[in-house]
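One structure below.
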Amino acid sequence: MAAPGPGPAVAPVDERVPLPRLVPLAAQHILAMIAAPVSTVFLLAGGLHLPPDRTAALLSATLVLCGAGALLQSLGVLRIGARLPFVMLPGGAAAALFLQIAREHGAATASGAVLLAAALLLAVLPLYGRIVRFFPPLVMGTTVLVIGVNMVSVAAPMAAAGGGSALVTVAATALGFLLLRGVWRQLSVLLGMAVGTAAAALSGAPFRAVPGDAVLALPRLLPYGIPHFDLLAALPLLVFALASLAEATGQTVLNSEAVGRIPEPSRDVPRTARADAVASLAAGLFGGPTMVTSAENIGIVRLTGVRSRFVTAAAGTLLVLGGLLAPVTRLLAALPVPVVGGAALVIYAVIAAMGIDMLRRTDLADRAASTVVALSLLAGLLPVLAPRLYAPLPGWAHTLFGSGVPAAALTAAVLSALFRRLDAAGRAAPAGAG
713 MAAPGPGPAV APVDERVPLP RLVPLAAQHI LAMIAAPVST VFLLAGGLHL PPDRTAALLS
773 ATLVLCGAGA LLQSLGVLRI GARLPFVMLP GGAAAALFLQ IAREHGAATA SGAVLLAAAL
833 LLAVLPLYGR IVRFFPPLVM GTTVLVIGVN MVSVAAPMAA AGGGSALVTV AATALGFLLL
893 RGVWRQLSVL LGMAVGTAAA ALSGAPFRAV PGDAVLALPR LLPYGIPHFD LLAALPLLVF
953 ALASLAEATG QTVLNSEAVG RIPEPSRDVP RTARADAVAS LAAGLFGGPT MVTSAENIGI
1013 VRLTGVRSRF VTAAAGTLLV LGGLLAPVTR LLAALPVPVV GGAALVIYAV IAAMGIDMLR
1073 RTDLADRAAS TVVALSLLAG LLPVLAPRLY APLPGWAHTL FGSGVPAAAL TAAVLSALFR
1133 RLDAAGRAAP AGAG
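Using the working numbering, the first residue of the sequence shown is number 713, and each one after it goes up by one.
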């Protein structure tokens, strides 16, 4: 008998990494993503005027959800999760929308909007191929740009509460982006907050006291009360949930290529989106914004050459454990509000820049594309620049058009689809006439 040959080769994405290497590699992934959940929680807490103990509870819930989402995406369960080295974060633009809804309609309505958006995402996944084409870079870029500009106006009062430490935070963060490289550059927001906190301490600025001496922190269920469901108020997040399918497509293809797996969007993107939706359902119950899968860590995969999804699964485990440690969350929740505001200004400016980068993929020399962008920006910025303009409108119309983000998103989506159809009809007309 012939000796049995070697077993089938294990794909790099499915390789098991020895524990001595697994822990530091997982910690590196956490360092690359931790600024996003921490700064998002601070921003929400400042915008909603949460006391320090509730800020700590929200931070605990967010870290636990980030870890659970990373586990779900990395390991995959019942076609939920892409089984790729992904991590999960509270989406920056989604968090801005959550805060906008909470400020205008109450935090309970914002939680209800998160639940509605997650349910809608699950419901439309069978129609994935038909929906994603309505959100090309033109629509996504305009919407994300308006989100960034709108939320800068929200973060500015937080920073103005103590201009010195806020400016130090902004300057230190900007220097980090300019001078640092690799993982350290991805930590620029946290490093900027550390420098701003030191400046606040030297200037005698007050720190918020967080009561409690427990070792374990348990996320608080329904922190704003029973969620309130209002479809009109939730419209910005509903539109964003549909638009997120386009982003999930790009991230899933990019991650598949990074780990050497042949991209299969029709199979993998719905799995990615299902995990996002499941994590978002949990976030809505624990007071957080919509959760999204992040592509930030793809750079770590390429930098280290380690493609195993079990590394991000280990990072998810560490995040869950960190979120349950009360001293960590209490310490972070005590940071001064101006420092948080300064970091938020940078984050939302970066979101606006992301929108501009998305628009670069569109030929703005084309008259139709430039018209869509111009009218969408007008619809999105008027509520910020001239909020009284919409005062005479009835309640439903004021909710729809008096908030910049849903107005811009709907204007961009409708006009983009209209011009695309008119262009197709124009190209078909000569053939028909002939």
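For every residue, glycine included, the Cβ atom is placed at its ideal position computed from N, Cα and C.
This one's a predicted model, so the numbers in the text were calculated from it and none came from an experiment.
Sequence-distant Cβ neighbours of L1127 in its own chain, meaning closer than 8 Å and more than five residues away, are T1083, V1084, L1087 and S1088.
For I792, the three-state secondary structure derived from DSSP is strand. Burial is judged here by how many other beta carbons sit within 10 angstroms of a residue's own beta carbon; P1118 has at least 16 and is buried. Taking the Cβ atoms as the reference, Q785 lies roughly 6 Å from A794, within the contact range of under 8 Å. Distance from the CA of P848 to the CA of A910, rounded to the nearest whole angstrom, comes to 43 Å.
When secondary structure is reduced to three states using DSSP, P982 falls in the helix class.
Here the alpha carbons of L928 and L1036 stand approximately 5 Å from one another.
In this chain, the alpha helix (DSSP H) harbouring T1029 covers R1021 to G1035. Cβ contact annotation for A1129 (same chain, cutoff 8 Å, sequence separation greater than five): F846, in chain order.
CA-to-CA, the gap between G876 and A912 works out to about 8 Å.
The beta-bridge partner set that DSSP reports for V799 consists of S1006. The continuous alpha helix (DSSP H) containing G1067 extends over residues V1049 to L1071.
Comparing alpha-carbon positions, the option among P1050, A1027, A819 and F810 lying closest to G916 turns out to be P1050. Three or more beta-carbon pairs separated by less than 8 Å are not found between the region 852 to 862 and the region 978 to 989, which leaves the two stretches without contact.
With a beta-carbon spacing of about 6 Å, L933 and L997 fall inside the 8 Å limit used to define contacts.
Taking all protein chains in view, the Cβ of H817 is crowded by 16 or more other Cβ atoms within 10 Å, so the residue is classified as buried.
Within 10 angstroms of the beta-carbon of V722 lie fewer than 16 other beta-carbons, which makes it exposed.
Using a 10 angstroms sphere on the CB of F754, the tally of other CB atoms reaches 16 or more, which defines it as buried. Scanning its chain for C-beta atoms nearer than 6 Å, with the 5 sequence neighbours on each side dropped, one finds around G853 the residues G1067, M1070 and L1071, in chain order. L928: not part of any alpha helix (DSSP H); DSSP gives it neither H nor E.
Under a 10 Å Cβ-count criterion, I974 is classified as exposed, with fewer than 16 other Cβ atoms of the shown protein chains found around its own Cβ. When secondary structure is reduced to three states using DSSP, F810 falls in the helix class.
DSSP places F847 in the coil class of the three-state scheme, outside both helix and strand.
Comparing C-alpha distances from A1026 to each of A738, S968, G758 and D726 shows the shortest one belongs to A738. Around the CB of G759, 16 or more other CB atoms lie within 10 Å, so the residue is classed as buried.
The alpha-carbon separation between A926 and A1038 amounts to approximately 6 Å.
Its Cα nearest to that of V858, the residue I1063 stands out among I1063, G803 and L796.
DSSP places F952 inside the alpha helix (DSSP H), whose first and last residues are L943 to A970. Excluding the 5 residues flanking it on each side, A960 has same chain C-beta neighbours closer than 6 Å at V981, T984 and A985, in chain order. Assigned with DSSP and collapsed to three states, I859 falls in helix. When P948, L966, L887 and R1079 are compared, the shortest CA-CA separation from P1001 is found for P948. In this chain, the alpha helix (DSSP H) harbouring T821 covers A819 to V836. Only residues of its own chain outside the window of five on either side were considered, and among them G860 have a CB closer than 8 Å to the CB of A1065, listed in chain order. Only exposed fits I938, as fewer than 16 other CB atoms lie within 10 angstroms of its CB.
Here DSSP, grouped into helix, strand and coil, assigns G1000 to coil. Rounded to the nearest angstrom, the gap between the Cα atoms of R1073 and L914 is 46 Å.
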